[in-house]
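Asks:
Take a look at the structure:
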């Protein structure tokens, strides 16, 4: 049996990956606002979905630390 240990970057990616993607979508959304309404809609949806996922991931992390 192999003893697999996750690296720090893998742990960080699992905890904060959705937050980084949501922030990146928000920045690109602001930069490209009005150029293409399809892109604006997709990026807005990305901000909403990834932001919601990161909110609940962080909420669960904080809740589990308090136990």
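Numbering (our numbering), first residue to last: 326 to 392.
Even for Gly, the Cβ is constructed at its ideal location relative to N, Cα and C.
(1) In angstroms, rounded to a whole number, what distance separates the CA positions of residue 359 and residue 365?
(2) Rounded to whole angstroms, what is the Cα-Cα separation between residue 350 and residue 368?
(3) Pull up the distance between the alpha-carbon of residue 381 and that of residue 354, whole angstroms please.
(4) Do residue 346 and residue 375 have their C-beta atoms closer together than 8 Å?
(5) Hey, residue 344 and residue 379 are a contact pair by Cβ (cut 8 Å); roughly how many whole angstroms apart?
(6) Tell me the DSSP secondary structure of residue 359 in three-state form.
Replies: Reading off the structure:
(1) Position 34 of the chain shown, counted from the start, is the residue given in the question as residue 359. Position 40 of the chain shown, counted from the start, is the residue given in the question as residue 365. C-alpha separation (whole angstroms): 7 Å.
(2) One-based indexing of the chain shown puts residue 350 at position 25. One-based indexing of the chain shown puts residue 368 at position 43. About 6 Å.
(3) Within the chain shown, the letter at position 56 stands for residue 381. Within the chain shown, the letter at position 29 stands for residue 354. Each residue's alpha carbon lies about 22 Å from the other.
(4) In the chain shown, counting from the first residue as 1, residue 346 sits at position 21. In the chain shown, counting from the first residue as 1, residue 375 sits at position 50. Yes, these two residues count as a Cβ contact at 8 Å.
(5) Here residue 344 refers to the residue found at position 19 when the chain shown is read from its first residue. Here residue 379 refers to the residue found at position 54 when the chain shown is read from its first residue. Residue 344 to residue 379, Cβ: 4 Å. Contact.
(6) What you label residue 359 is simply residue 34 of the chain shown in a count that begins at 1. In the structure shown, residue 359 sits in coil (DSSP, three-state: anything other than H, G, I, E or B).
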